[in-house]
Amino acid sequence: MSGPADEALFETGRKLFAGEWRFVWASAKLAELPPMQGLEIAFAGRSNVGKSSLINALTGRKALARTSHTPGRTQQLNFFRDSDDLTIVDMPGYGYAAVGKEKVAAWTKLIQDYLRVRSNLARVYLLIDGRHGVKDTDQPVLDQLDLTAVSYQVVLTKADAIKLAEREPTLAKVKAALAKRPAAHPEVLLTSSETGLGIPELRAAIARLLVERGMA
Ligand code: GTP
Ligand code: MG
């Protein structure tokens with residue numbers, strides 16, 4: 112992104128996340144979802160990919176969303192808000208077998224139910240570990256997103272752990288894997304919650320989404 116219009120988006124994005132974000136709700140099942148309010152964006156991805164860390168980096172908070180070295184930290188849909196306009200949802204990770212089949216089934220159902228019913232869901236940010244790329248366990252979720260026609264954008268995480276020379280080829284490979292997916296946003300973002308790389312760009316992308324929906 113470059114040019115005056117895009118600079119304005121960076122500023123809108125910065126402001127969007129400069130406020131006091133707070134935890135407002137946790138849901139373990141469909142019946143417990145909070146009432147819809149404004150637009151929602153959700154962060155999905157494999158367990159340990161860095162969803163909660165990215166939400167902390169976006170909001171400039173160290174521990175708004177709980178993170179862990181152990182996969183399976185986030186076990187519910189966690190909702191965060193700073194105003195009436197935008198809600199951020201931290202989703203349980205998928206693809207981590209050690210938590211047991213029953214739990215995996217319950218989370219999968221929760222994620223599917225949520226995607227199906229949440230009409231104020233403006234976009235899903237699907238996180239992919241930049242070191243590993245798109246994995247087999249990501250495919251059912253990509254299929255589900257295409258099926259429910261939820262707009263989604265892939266965000267690569269942990270860029271600090273990818274060698275500089277490997278960043279562009281990694282991006283190209285992921286873009287190629289998404290090329291035939293109808294609901295995927297063509298732009299893929301590269302981020303690091305550790306160094307802040309790509310965070311202003313992600314904020315600007317979210318700001319653009321709100322502008323497009325007449326919310327910012
Ligand atoms: P679940 O809630 O289990 O699904 O995991 P999650 O996707 O929320 O991941 P979380 O944010 O808890 O991070 C998992 C691990 O990855 C932690 O040890 C983080 O410190 C690490 N991590 C997250 N983001 C980054 C990053 O940008 N760079 C590096 N090097 N490590 C990261
Ligand atoms: Mg988490």
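According to our numbering, the sequence shown is numbered sequentially starting from 112. Note that CB positions come from ideal geometry on N, CA and C, so glycine has one too. No experiment lies behind these values; they were computed from the predicted model shown.
> Is DSSP giving Leu169 helix, strand or coil here?
Replying inline: helix
> Does ligand 2 have a heavy atom nearer than 7 Å to the CB of Gly204?
Replying inline: yes
>> Just to confirm the assignment: which complete alpha helix (DSSP H) runs, minimum length 4, are found wholly within the segment 244–304?
In response: 250–259 and 275–289
> Does at least one heavy atom of ligand 1 sit under 7 Å from the Cβ of Asn231?
Replying inline: no
> Going straight from the alpha carbon of Val335 to that of Ala295, what length do you get?
Replying inline: For residue 335 there is no data in the structure shown, the boundaries of the chain being 112 and 327.
> Between which two residues does the beta strand (DSSP E) carrying Asp240 extend?
Replying inline: Leu232 to Asp240
> Under the three-state reduction of DSSP, which class applies to Trp136: helix, strand or coil?
Replying inline: strand
> Taking buried to mean at least 16 other C-beta atoms within 10 Å of its own C-beta, is Thr170 buried or exposed?
Replying inline: buried
> Start and end of the beta strand (DSSP E) containing Glu151?
Replying inline: Leu150 to Gly156
>> Taking the alpha-carbon of Pro179 as reference, which of Gly124, Ala315, Pro280 and Leu165 has the nearest alpha-carbon?
In response: With the sequence shown as reference, residue 179 is identified as Ser, and Pro is not the correct amino acid for it. That would be Leu165, whose Cα lies nearest to the Cα of Ser179.
> For Val235, which option in Gln223, Ala283, Arg125 and Gly325 has the closest C-alpha, if you only look at C-alpha atoms?
Replying inline: Gln223
> Would the beta-carbon of Ala139 fall within 8 Å of that of Leu221?
Replying inline: yes
>> Between the alpha carbons of Ala327 and Glu151, how many angstroms are there, rounded?
In response: 14 Å
> Cβ of Pro311 within 8 Å of Cβ of Phe121?
Replying inline: yes
> Exposed or buried, what is Asp247 when buried is set at 16 or more other beta-carbons lying within 10 Å of its beta-carbon?
Replying inline: exposed
>> For Phe134 and Ala174, what's the separation of their Cα atoms in angstroms?
In response: 11 Å
> According to the Cβ coordinates, are Ser304 and Gly161 closer than 8 Å?
Replying inline: yes
>> Alpha carbons only, please: which of His243, Arg324 and Ile317 is nearest the one belonging to Arg65?
In response: Residue 65 is absent from the structure shown; the chain starts at 112 and stops at 327.
> Any idea what DSSP makes of Thr181, helix, strand or coil?
Replying inline: coil
> Hey, Leu282 and Leu258: beta-carbon distance below 8 Å or not?
Replying inline: no
>> Do Ala176 and Ser163 count as a contact pair if the criterion is CB distance below 8 Å?
In response: yes
>> Excluding the 5 residues flanking Gln352 on each side, which residues of the same chain have their C-beta closer than 7 Å to its C-beta?
In response: Limits of the chain in this structure are 112 at one end and 327 at the other, which puts residue 352 out of reach.
> Run through DSSP, which three-state label would Val322 get?
Replying inline: helix
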